[in-house]
Every structure is written in structure tokens, then in C-alpha cells.
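Chains as they are written, first to last, in the working numbering: chain A, 6 to 456; chain B, 6 to 456. The structure appears below as C-alpha cells.
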């Protein structure tokens with residue numbers, strides 16, 4: 006059994022939903038289908054989710070918002086018409102949405118969740134109806150009915166463990182299940198949405214719940230690339246990735262999807278395959294617990310910027326048990342999480358995401374380090390970038406560091422920091438923010454362009 | 006004004022003390038002379054300090070120890086005879102030592118300090134007498150009389166700040182001051198010795214106290230070498246070092262002298278020159294606050310072994326504010342100080358000196374990390390070595406990492422860990438203990454053998 010999830014561009018139009026139909030029905034294992042809300046059909050288009058957010062804003066501020074509401078209904082209507090789905094389905098969607106909009110708005114976050122979640126919910130209804138029109142048994146399944154219960158945190162729902170058992174029962178239903186992504190229900194019966202990557206989370210939870218053989222995640226790219234295509238043109242596709250590699254890559258701005266969305270699937274060791282709705286015969290990228298080593302030690306290169314380093318020096322720091330711990334405690338008092346802590350004999354640097362230092366936090370932290378730890382000097386450097394090379398087995402491969410450092414040196418990039426030695430699958434190089442793209446290109450050339 | 010310190014081999018015999026006389030009198034700036042106790046004259050010889058420790062043991066266990074006592078006196082007598090110093094001086098030394106040995110032994114540590122300190126004290130008396138025999142005005146100065154006061158911690162005295170002011174008055178004395186190294190007096194008047202490198206500490210304190218232009222430290226080597234001569238034969242001499250370089254090199258087993266001994270001199274920014282009593286015309290090695298860059302980015306290579314890494318992994322560790330701090334707190338509870346903490350997204354390693362993990366500490370720490378931090382896995386790897394390359398300005402020199410990593414790679418050494426990015430003057434490579442010497446040689450060849 007496979008759980009198949011389709012993203013926003015895959016349900017953006019009737020034409021796209023026909024592709025979904027073909028993909029799902031071409032493989033009898035594709036039993037559970039999770040859909041997002043209709044996304045953009047062209048660059049300037051507006052996602053249904055964003056139209057719904059306009060509804061939320063207008064209704065919250067003025068108690069009405071006819072135009073925004075109609076813009077949503079038009080999208081569904083166009084899709085339904087194209088697919089030959091009965092007008093009754095759209096009428097019902099329209100009525101129900103109006104009911105939500107005119108309902109209880111006393112809790113803005115809860116109201117927002119209910120309105121926005123309708124985007125996925127109604128899309129699932131239309132897709133199920135289309136499957137039926139085509140003579141295929143398919144059923145829209147509501148998350149509440151299926152038992153997908155979550156914590157009552159609007160916009161940040163966490164799945165409750167009992168949901169997995171409830172969802173297992175979906176295996177026994179007849180026909181294809183069309184399930185809306187992005188939200189579940191609190192135990193009190195309220196709609197609560199997930200955070201970023203919401204429909205990916207739903208698919209991942211369902212894959213775990215029904216113990217799927219594979220979780221297929223259909224997007225609009227053929228595969229995950231070894232490097233950001235905006236930095237390197239036509240980069241090599243990755244055929245296989247491990248969970249660990251995916252997680253390390255995701256950390257450093259590798260934006261295929263939000264890595265935490267996959268956790269429920271990973272926990273059950275269910276392979277995830279990224280595929281393209283517009284080119285379903287392409288093999289895609291498989292993400293699994295293990296993979297065969299191939300193509301050298303490095304699988305992907307990622308980067309992210311906006312880091313700052315807090316440099317602290319104190320003569321004889323080295324002899325002072327507890328110095329590093331006390332330093333981290335000060336950061337924690339300001340809810341600043343740190344990324345790396347390279348250290349010398351009498352100095353230590355803490356690398357953090359610099360936006361955490363805004364609004365006077367930097368000044369307060371620096372002062373406390375000086376006062377409480379009697380540091381000789383404290384300096385903050387901003388605008389650093391982190392470039393990460395990721396690959397299973399890399400650490401056992403003599404020469405990877407040499408190759409990377411030589412590539413950066415030849416490109417004229419100074420290495421400000423190296424974090425290597427804990428993770429077996431990654432090495433991190435800190436460089437000046439202005440050098441980020443140059444560094445990524447140099448490393449890509451070194452590890453992927455052998456000619 | 007110069008403070009000049011002579012180590013154990015420089016006062017081991019009458020012949021050596023003649024060299025001291027020539028060195029001191031050849032430069033009128035050499036006004037304050039600090040001496041150690043007589044050291045070894047040949048490989049199998051026994052240092053006076055070790056003879057005195059035998060006296061301590063014997064007197065503590067049996068209340069007598071004639072042979073050990075006489076062995077000490079014979080050494081002084083031989084020196085005095087050779088130098089033409091009056092027998093009265095040795096008789097007096099002999100009487101005073103016997104008085105100490107038959108004195109209060111109720112506090113073993115205090116007794117030990119009093120006996121052992123006599124080694125330096127009596128040597129200073131003989132040296133001063135010899136200068137007088139040669140017609141040069143020189144005075145033995147006792148630390149109590151000069152006001153060198155220290156904390157009352159036998160074997161681990163710390164200088165009291167008021168001492169510096171007291172010692173400043175030495176500037177106004179006539180003639181050459183001959184001062185015993187290794188000990189000061191508590192405010193209650195007891196002899197208390199310094200820790201390792203004791204005479205170096207005395208010289209450093211005096212240099213600070215009299216605001217010397219230079220602190221000359223005479224040993225039995227021509228200079229500090231760029232690498233351990235036991236690993237690389239005929240290594241390049243270092244002409245100039247900065248304090249920071251010295252401190253980083255000392256950390257990793259670079260044993261010219263104990264780096265902390267130099268702190269009083271460093272604090273007053275007094276340059277320290279390492280010279281050879283047996284070859285005083287050699288320029289030696291100058292250690293100062295700043296130096297001119299020369300000979301490429303790397304000044305020295307040091308290494309040390311006996312490190313262990315505690316590897317901790319936990320899924321989503323990255324999102325857990327306070328994880329690293331709590332981990333360090335557990336180590337602190339066992340008084341384990343850490344050296345480095347490389348980290349990945351979901352893992353962190355803490356590198357410590359492994360002897361700290363003996364006696365069941367390892368097991369207790371591992372258990373607590375598992376229990377209290379709910380870590381997914383905790384693994385301890387032992388027998389790692391740290392290899393350090395040190396040089397001012399290295400961090401701004403593009404390509405140093407590439408050169409080092411390439412050298413290690415070519416030598417077949419796997420890099421287990423890199424700590425780079427906080428100290429501006431060092432980079433640290435963690436390797437398997439068995440690879441330590443191979444790694445040091447490879448780095449030396451890369452940075453010092455250009456042909």
C-alpha cells in the first residue's frame with residue numbers, strides 16, 4: 006500500500022487533477038491520496054490558501070469580504086467545470102465556507118485555522134468527486150472521522166499518538182481514500198492546522214498510520230538536486246538519500262520540503278519518494294533509512310546565511326571548568342539557540358542565527374558575558390554563511406576535507422570556521438556571507454564535476 | 006634592566022656556574038639573577054631536588070636519613086670547592102639543612118616544601134659567594150626579605166599582588182642580586198613552593214616586579230623548536246613567538262616550559278628570551294606580545310594524545326534549546342573539563358582528556374546522559390590525539406586548511422575532528438592516537454620543508 010501526496014501545483018487546475026487521476030489509477034497500490042489546496046497555475050497566480058487568508062483578514066476587520074470569498078469559489082468552480090464534477094459539489098463547498106466565515110470569530114487564531122483548512126478540505130472533496138465521475142471508487146475522508154487528532158495549538162498542531170492506531174483502520178476501507186492535508190482535529194472537535202509543510206505532515210502521518218510500503222510525495226520537480234539550482238545551473242539529481250542526509254541538508258536551507266514533516270514516516274522507516282506530477286515516469290528521489298554508497302562520498306551541498314559569531318576570549322579560560330556551560334546558559338536566558346561552538350585555548354566562539362540577536366538582545370548578552378564571566382573581550386561578527394557538504398560514509402573517506410578546503414582556497418574563499426567531527430554525514434564550513442555562492446559553486450565543481 | 010634565570014643544568018656544577026658568571030657579567034643590564042637547584046651533570050646523575058625529596062621521605066618515615074643528607078651536602082661541597090668558595094659557606098648550608106630536617110615534621114606538606122626549597126636557596130648562596138670571590142658585587146637575597154609573599158598552599162603557591170610592589174624596590178639595590186627560585190613565603194612566614202616550573206615562575210614574577218626590559222630564561226637548548234625534536238629530527242628553530250602562540254603550543258604538549266610560569270611577565274608585556282647557557286651567543290627564541298610575520302603562516306606544530314570523545318545523538322537535538330548546556334553540566338558534576346565540542350544537527354561530541362573518565366566516571370556520565378537528556382545513543386571513543394598548527398595571522402591566510410588537510414590526506418591520516426574558527430592563531434586536528442606522529446611529520450613537511 007502506498008500513500009501518495011500531491012502538492013499545491015498538482016491540484017492547481019482541472020488539467021493537473023486529471024494527471025493525479027492517471028497517476029493514482031496507474032498503480033493499484035496507490036490507495037491513500039493526500040491533497041493540498043490549489044496552488045498557483047502561473048507565476049502571478051494567487052494560491053487558494055492566500056485567497057482564504059484575505060477572507061480571514063477582511064472578515065476579522067469588517068465582518069464581511071464578498072470579493073475574497075468569491076475569488077475562492079471561482080477557483081473551485083473552474084476546476085469542477087473542467088472536470089465535469091457536478092455543480093452541486095461547488096454549491097455545497099460555497100455554502101459551507103460562508104457558514105465558517107459568518108461563524109464564531111471571537112478567537113482569531115482558531116477562526117483563521119478553520120478558514121484556511123477549508124482550502125485542502127474542499128479540494129479533497131472535488132478530487133474524490135472527479136474520481137467517481139470517472140467511475141473509480143473513491144471516498145473523501147474527513148480527518149475527524151478518520152481519527153486524526155492533534156494538540157490544540159492553532160497553526161502548530163502536533164499529532165497525538167493515538168491517531169496512528171485510528172488511521173490504521175483506513176487500510177480496510179474499500180476504494181481510494183482522498184484525504185485533505187494540513188489539518189487535524191483537537192479532542193474538543195476544533196480544526197487545528199499544522200505548521201509549515203502541513204500537507205507533507207499529513208501524508209507522513211498517514212503513511213505511518215496505515216504502515217505504507219512507500220510514501221510518494223508528488224511535487225513539480227523531477228527530483229531532489231545535489232545543490233541549489235539557483236546557485237548552480239543544471240545540477241545533478243540525487244537518486245537516493247538517507248534520512249540523515251536529508252535532515253542535514255534541510256538544515257542548511259535545502260528547501261525541497263520541511264524535514265520535520267517527514268518524521269512520522271521516518272520513525273516507521275517508510276521510504277519517501279519525491280516525484281514530479283508533470284513527469285511521473287521520472288524515477289524521482291528516494292529517501293530511506295539506508296542507501297547504497299554511490300557517486301563518491303558527497304551526496305549534496307547546502308548553504309544558508311544570516312549567521313553571527315559571538316567571540317569570547319579570556320586568559321586562562323582553558324582552566325576554568327564551567328566557562329562554556331555558563332556562556333551557553335546566558336544565551337539560553339534570551340532563548341537564543343546556538344549552532345556551533347568552535348573553541349581555542351583561551352577563547353570560544355558561539356555561532357547563532359543572527360536574527361535572534363536583534364532588538365537589543367546582542368547588547369544585553371555581550372554585557373552579561375563581560376560582567377558575569379569576566380571575559381577579556383567579547384566581539385560579535387555578523388553576516389556569516391554556513392556551507393555544508395553532506396554524504397554517508399564521508400567521515401571515513403580520507404581526503405574529503407582536503408578536497409573541500411583546496412576547492413575553497415582556489416576560489417579565494419577564506420574559511421572562517423570548520424565544524425567537523427561529530428556528525429558522520431556532514432562537514433560545515435563557515436565563510437563570509439558574500440562568499441556563500443562562490444563557496445557552493447567551488448565545492449560543487451570539486452565533488453560533482455569530475456572533468 | 007634584565008632578569009636572568011638559570012635552570013638546573015646551568016647550576017649543576019662549578020663549571021656551569023662559571024658560565025653563568027661570564028654570561029651575567031658580560032651585560033651590565035643583567036642585574037637580577039634567579040637560580041634553580043643544581044640539576045643533572047650527566048644522564049644518570051640525580052638532581053639535588055630529588056636528593057632532597059629522598060631526605061624528606063626518610064626523615065618522615067624514620068626521623069633520620071644521614072646518607073641522603075650527605076649526598077646533598079657533597080654536591081654543594083664539590084661546587085664550592087671547584088669555584089674556590091670558602092668552606093664556611095658549605096658548613097653553614099649543611100647546618101641549616103640539618104636544622105630543617107630535625108625541625109617540625111608534623112605537617113608533611115609544609116616540611117616537604119621547606120626541605121625542597123633549600124635546594125634553590127643554598128644554590129643562590131653559593132652563586133653569590135662565587136661572584137664575590139671573583140670581585141663582583143653580588144648579594145644573595147632571600148624571598149622573605151625581598152617581600153615575595155604567596156598564598157599558603159604547599160606545592161602550589163600563588164603570588165600575592167603586593168609582592169610586585171615590594172620587589173620593585175630591588176631596582177635600587179647595589180650590585181647583582183642572586184635570588185633563589187621556586188618558593189616564596191606565606192604571610193605567616195612559612196616557606197611555600199610553587200608548582201611545576203617553579204623557578205621559571207620566580208623569574209617571571211621578578212621580571213614583572215622590577216619592570217625588567219627583558220626576562221632571559223637560560224636553559225640547555227639553543228631555542229624553541231617548531232616541532233618536537235623527538236618526532237622530527239633537526240627541526241627548524243623559532244626565532245620569535247608571540248605569547249598567544251606560546252600558550253597554544255604549550256597546551257598541546259610543547260614542553261619548553263610550563264606556559265603559566267610566564268604569565269606574570271606576559272601581564273607586564275615583558276619579552277621573554279629563551280637562551281642556552283652552553284651557547285650564549287646563539288640568538289635564542291624571543292617571546293613577546295607581537296612579532297613580525299615571517300616564514301609563512303605557521304610557527305609551530307604541537308601534538309598531544311590521550312583524548313576521548315563522548316558522542317551523543319538525539320533526533321531533533323537541534324531544536325532543543327539548552328541541550329548542549331545540560332550536557333556540559335553533567336560533565337562538570339564529575340569535574341571533567343572539556344576541550345572541544347564539534348556538533349552536527351542531531352549530535353554533539355565532547356572531547357575530553359580521557360584520564361578524567363577513569364574509575365567508573367565514564368559509565369556514570371554515559372548513564373546520566375541517557376537518563377537525563379533522553380539521548381538516542383551515547384558512545385565513547387578513546388585514544389585520540391590532537392595535532393595543532395599554530396601561527397599568528399594564519400586565519401587570514403587562505404589555503405592553510407587546504408595545505409594541512411592535503412598533507413594529512415596524502416599521509417593516509419583520517420581527520421576525525423577539526424576545531425577551527427575561534428582562535429586566530431591555531432587550528433586543531435583530531436586524529437587516531439596511532440596516527441599522531443605520522444600526522445605531525447606530514448604537517449611539518451608541508452609547512453616547513455618547502456623543497
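The C-beta atom is built at its ideal place from N, Cα and C for all residues, glycine as well.
### Message
By the 7 angstroms beta-carbon criterion, what residues does the stretch 164-185 of chain A contribute toward chain B?
### Response
Per Cβ criterion, the list is empty.
### Query
Just the Cα atoms here: how many angstroms apart are residue 220/A and residue 293/A?
Rounded to whole angstroms, residue 220/A to residue 293/A spans 10 angstroms at the Cα level.
#### Entry: chain B contact residues for residue 425/A, given Cβ-Cβ distances below 8 angstroms
Here the neighbours are 347, 420, 422, 423.
### Query
So, residue 234/B versus residue 188/B, is the Cβ gap smaller than 8 angstroms?
The Cβ atoms of residue 234/B and residue 188/B do not sit closer than 8 angstroms to each other.
### Task
Taking residue 323/A as the query, report the chain B residues whose CB atoms sit under 9 angstroms from its CB, ordered along the chain.
Those within 9 angstroms of residue 323/A in chain B are 252, 256, 342, 344.
### Query
Just checking my contact of residue 434/A with residue 412/A at CB under 8 angstroms: how many whole Å lie between their CB atoms?
By a beta-carbon distance limit of 8 angstroms, residue 434/A does not contact residue 412/A. Their separation comes to about 10 angstroms.
### Message
Please list, in chain order, the chain B residues whose beta carbon lies closer than 7 angstroms to that of residue 352/A.
### Response
Within chain B, the residues near residue 352/A are 427, 428.
### Query
DSSP state of residue 443/A, grouped into three classes?
Helix at residue 443/A.
### Task
Check whether the Cβ of residue 501/B lies closer than 8 angstroms to any Cβ atom in chain A.
Look at the range of chain B in this structure, 6 to 456, and you will see that residue 501/B is not part of it.
### Message
For residue 144/B and residue 177/B, I'd like the C-alpha separation in whole angstroms.
### Response
A straight-line Cα-Cα distance of about 13 angstroms links residue 144/B and residue 177/B.
### Query
What does a CB cutoff of less than 7 angstroms around residue 115/A pick up in its chain, not counting 5 residues either side in sequence?
Result list for residue 115/A: 159, 195, in chain order.
### Task
For my contact list, residue 3/A and residue 229/A are in at a C-beta cut-off of 8 angstroms; report their separation, rounded to the angstrom.
No statement about residue 3/A is possible, as the shown extent of chain A runs from 6 to 456 and does not include it.
### Message
Does the structure place the stretch 394-401 of chain A close enough to the stretch 309-326 of chain B that three or more beta carbon pairs sit under 8 angstroms?
### Response
Under the three-pair Cβ rule at 8 angstroms, the stretch 309-326 of chain B does not count as touching the stretch 394-401 of chain A.
### Query
Could you check where the alpha helix (DSSP H) with residue 399/B kicks off and where it finishes?
From DSSP, residue 399/B is part of no alpha helix (DSSP H); its letter is neither H nor E.
### Query
Cβ atoms of residue 199/B and residue 129/B: under 8 angstroms apart, would you say?
Result no, Cβ atoms of residue 129/B and residue 199/B do not sit closer than 8 angstroms.
### Task
Specify the secondary structure class of residue 246/B as computed by DSSP and reduced to three states.
Here residue 246/B sits in strand by DSSP.
### Query
chain A beta carbons: is any one of them nearer than 8 angstroms to that of residue 410/B?
It does; some Cβ of chain A falls within 8 angstroms.
### Task
Could you check the C-alpha separation between residue 192/A and residue 392/B for me, to the nearest Å?
C-alpha separation (whole angstroms): 58 angstroms.
### Query
Grouping DSSP H, G and I as helix and E and B as strand, with all else coil, what is residue 176/A?
The DSSP-derived three-state label of residue 176/A is helix.
#### Entry: Proximal residues, the stretch 110-143 of chain B versus chain A, C-beta separation under 9 angstroms
Of all residues in the stretch 110-143 of chain B, none has a Cβ within less than 9 angstroms of some Cβ in chain A.
### Query
Which runs of the alpha helix (DSSP H), 4 residues or longer, sit entirely within the stretch 39-120 of chain B?
Counting only runs of 4 or more, we get 53-67, 71-88, 92-106.
### Query
Can you tell me where the beta strand (DSSP E) with residue 357/B in it begins and where it stops?
Annotation for residue 357/B: the continuous beta strand (DSSP E) segment containing it runs 352-358.
#### Entry: Residues sharing a beta bridge with residue 498/B, DSSP
With chain B represented from 6 up to 456, any question about residue 498/B goes unanswered, as that position is not in the structure.
### Query
With 16 other CB atoms within 10 Å as the buried threshold, where does residue 174/B fall?
Under this definition residue 174/B is an exposed residue.
### Task
Put residue 406/B into one of helix, strand or coil per three-state DSSP.
Residue state, collapsed to three classes: helix.
### Query
Contact between the stretch 366-380 of chain A and the stretch 363-374 of chain B: three or more CB pairs below 8 angstroms?
Cβ pair count under 8 angstroms is below three, so no.
### is_contact[residue 407/B, chain A] using C-beta, thresh 8 angstroms
Look at residue 407/B: its C-beta is under 8 angstroms from a C-beta on chain A.
### Message
Please identify the residue among 190/A, 418/A, 386/A whose C-alpha is closest to the C-alpha of residue 362/A.
### Response
Nearest option by C-alpha distance: 386/A.
#### Entry: Any chain B beta carbon closer than 8 angstroms to residue 382/A
Any Cβ of chain B closer than 8 angstroms to the Cβ of residue 382/A would place that residue at the interface, and such an atom is absent.
### Message
Is there a Cβ of chain A sitting closer than 8 angstroms to that of residue 333/B, yes or no?
### Response
Judged by the 8 angstroms Cβ criterion, residue 333/B is in contact with chain A.
### Task
Take residue 132/A as the anchor and find which of 15/A, 7/A, 240/A has the nearest alpha-carbon.
It is 15/A whose Cα lies nearest to the Cα of residue 132/A.
### Task
Run down chain A in chain order and give the residues with a C-beta less than 9 angstroms from the C-beta of residue 337/B.
Going along chain A in sequence order, the residues near residue 337/B (Cβ under 9 angstroms) are 326, 327, 330.
### Query
What did DSSP end up calling residue 363/A once you bin it into helix, strand or coil?
DSSP places residue 363/A in coil when its eight states are reduced to three.
### Task
Check the C-beta distance from residue 24/A over to residue 283/A and give it rounded, since I have them as a contact under 8 angstroms.
Rounded, the Cβ-Cβ distance is 7 angstroms, consistent with contact.
### Query
According to DSSP, is residue 150/B helix, strand or coil?
The answer is helix: DSSP assigns residue 150/B an H, G or I state.
### Task
Use the C-beta contact count for residue 10/B: other C-beta atoms within 10 angstroms, 16 or more gives buried, fewer gives exposed.
Counting Cβ neighbours within 10 Å, residue 10/B comes out buried, since at least 16 surround it.
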